[in-house]
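There are 2 protein chains.
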Amino acid sequence: MSQTSFSTRERILGVAEALFARHGFAGASLRQVTATAKVNLAAVNYHFGSKDGLIEEVFRRRLDELNRERLAALTKAGDGKLEDVLDAFIRPALNQSLHSQGGAAFVRVLARAYAEHDERLRRFLSDNYGHVLREFAQVFARLLPHLDKDELYWRLDILAGAVTYAMADFGIIKRRASTSEEVHRRQAVDHLIGFAAAGLRAPPSPG
Amino acid sequence: MSQTSFSTRERILGVAEALFARHGFAGASLRQVTATAKVNLAAVNYHFGSKDGLIEEVFRRRLDELNRERLAALTKAGDGKLEDVLDAFIRPALNQSLHSQGGAAFVRVLARAYAEHDERLRRFLSDNYGHVLREFAQVFARLLPHLDKDELYWRLDILAGAVTYAMADFGIIKRRASTSEEVHRRQAVDHLIGFAAAGLRAPPSPG
DNA sequence: ATTCGTCTCAAACGATCGTTTGAATCATAG
DNA sequence: CTATGATTCAAACGATCGTTTGAGACGAAT
Numbered sequence: 008m009s010q011t012s013f014s015t016r017e018r019i020l021g022v023a024e025a026l027f028a029r030h031g032f033a034g035a036s037l038r039q040v041t042a043t044a045k046v047n048l049a050a051v052n053y054h055f056g057s058k059d060g061l062i063e064e065v066f067r068r069r070l071d072e073l074n075r076e077r078l079a080a081l082t083k084a085g086d087g088k089l090e091d092v093l094d095a096f097i098r099p100a101l102n103q104s105l106h107s108q109g110g111a112a113f114v115r116v117l118a119r120a121y122a123e124h125d126e127r128l129r130r131f132l133s134d135n136y137g138h139v140l141r142e143f144a145q146v147f148a149r150l151l152p153h154l155d156k157d158e159l160y161w162r163l164d165i166l167a168g169a170v171t172y173a174m175a176d177f178g179i180i181k182r183r184a185s186t187s188e189e190v191h192r193r194q195a196v197d198h199l200i201g202f203a204a205a206g207l208r209a210p211p212s213p214g
Numbered sequence: 008m009s010q011t012s013f014s015t016r017e018r019i020l021g022v023a024e025a026l027f028a029r030h031g032f033a034g035a036s037l038r039q040v041t042a043t044a045k046v047n048l049a050a051v052n053y054h055f056g057s058k059d060g061l062i063e064e065v066f067r068r069r070l071d072e073l074n075r076e077r078l079a080a081l082t083k084a085g086d087g088k089l090e091d092v093l094d095a096f097i098r099p100a101l102n103q104s105l106h107s108q109g110g111a112a113f114v115r116v117l118a119r120a121y122a123e124h125d126e127r128l129r130r131f132l133s134d135n136y137g138h139v140l141r142e143f144a145q146v147f148a149r150l151l152p153h154l155d156k157d158e159l160y161w162r163l164d165i166l167a168g169a170v171t172y173a174m175a176d177f178g179i180i181k182r183r184a185s186t187s188e189e190v191h192r193r194q195a196v197d198h199l200i201g202f203a204a205a206g207l208r209a210p211p212s213p214g
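Line by line, the protein sequences give chains A and B. Sequence positions in the first sequence follow our numbering and run 8 to 214. Sequence positions in the second sequence follow our numbering and run 8 to 214.
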């Protein structure tokens with residue numbers, strides 16, 4: 008127990024992350040995962056209990072760090088400009104996808120989880136990480152006093168959609184060969200912040 | 008042949024649309040589909056050749072009308088305000104989801120298709136309906152002369168993400184029991200238009 | 001050297017997948 | 001009525017799914 012099999016567990020997690028991102032949770036089989044990771048088929052059930060257990064662990068491994076970074080960035084930018092708070096929300100996702108090998112894949116997995124509308128998974132995300140979103144909502148409410156609660160929630164929902172979609176690289180914009188993936192992602196974040204800031208600052212709708 | 012089995016074919020399409028929206032293309036089995044539609048299992052292969060054939064037909068059935076409506080609305084709003092063009096792009100999706108029974112499900116299927124990153128499917132969508140997006144891009148370019156081509160494409164990509172996400176009902180906003188689904192969707196469209204218009208009009212980013 | 005968890009392995013389990021088959025059923029035209 | 005093509009049906013196909021099993025390999029502690 009003191010030195011649990013690091014290599015096998017970690018290889019499974021990394022490969023699963025990539026394959027879930029590409030083919031979805033139902034579309035990627037454990038046989039694909041274990042074959043790609045060059046481990047035995049039974050290793051998944053041994054280390055994670057079940058396929059669902061593996062899926063949960065794929066999330067837990069990254070989300071803990073992501074949300075810790077988000078909260079740290081939020082407290083640092085707490086009373087600053089709207090753009091700073093947006094940055095605190097968006098940039099950690101960018102960092103995730105850069106300084107860890109499978110991070111980009113994970114951001115895609117996260118977006119897919121929202122798309123798959125899996126109630127079990129949504130409950131898991133809401134229970135474990137909902138407080139982060141609530142803290143951001145509070146700060147946004149202070150920075151956007153011209154919006155009532157309904158209006159603010161509508162816009163944050165739209166923002167979440169745009170961020171999720173963009174971060175998951177679903178978009179149609181093709182990165183040029185001349186710009187590195189890192190530069191491309193930084194551009195995406197900058198454009199997202201500018202777009203979202205303007206959208207949030209817009210006057211309340213007549214409705 | 009003159010009067011091909013309307014009922015069976017159509018029931019399969021409707022049920023498939025709903026189940027694909029809920030469980031994904033890999034997650035919804037033909038046995039689920041045919042059992043729910045109360046038709047024989049073999050009927051899918053008989054009428055559509057294969058599961059992939061069924062998926063393609065689910066798209067074709069709705070996209071033809073959706074894009075026809077979008078183009079009609081675009082020519083009507085061609086030289087109007089930015090909000091009108093956004094309306095022409097967004098509202099037909101809303102209408103799709105209202106005046107046809109499974110329309111709401113289809114919009115979710117469409118969003119999922121983007122999320123699934125299936126190259127075969129993306130090619131199919133791009134080949135058959137890419138010209139619609141190109142026409143909208145031209146109009147946006149005329150209405151937003153302060154943005155260069157790169158900046159405009161970035162923002163349209165963000166817009167597409169927000170629209171896709173919102174229309175697919177992925178968001179966290181729960182509709183109140185007091186407001187009908189139709190009212191809820193209209194509110195979503197109005198908020199989207201306001202948000203997107205402000206985002207598109209924002210000054211160019213310093214980059 | 002032996003014991004004891006931890007881990008890996010090949011093999012098999014039953015269930016479910018998409019698809020195919022061939023006969024039964026139906027509607028329609030000759 | 002009969003012949004013909006279109007459609008439905010129950011049943012089965014082989015493939016693949018997630019999971020379980022029991023034996024063997026490995027390292028550390030006694």
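Using N, Cα and C, we set each Cβ at its ideal position, and we do this for glycine too. Model, not experiment: these values are computed from the prediction.
In terms of residue numbering, what span does the alpha helix (DSSP H) encompassing residue i cover?
i	result
A:L199	188 to 208
A:K156	156 to 174
B:K83	58 to 83
B:A50	50 to 55
For a test of the three-state rule: what should DSSP assign to residue i, helix, strand or coil?
i	result
A:A102	Note that residue 102 of chain A is Asn in the sequence shown here, rather than Ala. In this structure, A:N102 counts as helix in the three-state DSSP scheme.
A:N47	coil
A:H138	helix
B:A35	coil
A:G21	helix
B:H153	coil
A:S185	coil
B:D94	helix
B:S224	The question about residue 224 of chain B has no answer, for chain B in this structure spans 8 to 214.
B:T11	For B:T11, the predicted model reports a pLDDT of 47, less than 50, meaning its position is unreliable; a value from the coordinates is still stated below. B:T11: coil per DSSP, three-state reduction.
B:R16	helix
Given a threshold of 16 other Cβ atoms within 10 Å of its Cβ, counted over all protein chains shown, does residue i qualify as buried or as exposed?
i	result
A:T171	buried
B:I19	buried
A:G21	buried
A:Q103	buried
B:A79	exposed
A:P99	buried
B:Y160	buried
A:V190	exposed
A:G137	exposed
A:E17	exposed
B:D164	buried
B:H153	exposed
B:E158	buried
A:T41	buried
A:R119	buried
B:G60	exposed
A:R77	buried
B:R38	exposed
B:R127	exposed
A:T144	Reading off the sequence shown, one finds Ala at residue 144 of chain A, where the question assumed Thr. Per the 10 Å Cβ criterion, exposed.
B:D71	exposed
A:D94	buried
B:G7	What is shown of chain B runs 8 to 214, which leaves residue 7 of chain B out entirely.
B:G56	exposed
B:R192	buried
A:G87	exposed
A:R141	exposed
Between residue i and residue j, how many whole angstroms is the CB-CB distance? I'm expecting something under 8 angstroms.
i	j	result
B:F202	A:R162	6 angstroms
B:A33	A:A23	Their Cβ separation, rounded to whole angstroms, is 16 angstroms, which puts B:A33 and A:A23 out of contact at 8 angstroms.
A:L26	A:A35	4 angstroms
B:V114	B:M174	5 angstroms
A:L117	A:V196	That belief does not hold up - the Cβ atoms of A:L117 and A:V196 are roughly 16 angstroms apart, past 8 angstroms.
B:V146	B:G85	6 angstroms
A:A204	A:L81	Actually they are not in contact, since the Cβ atoms of A:A204 and A:L81 sit about 16 angstroms apart, beyond 8 angstroms.
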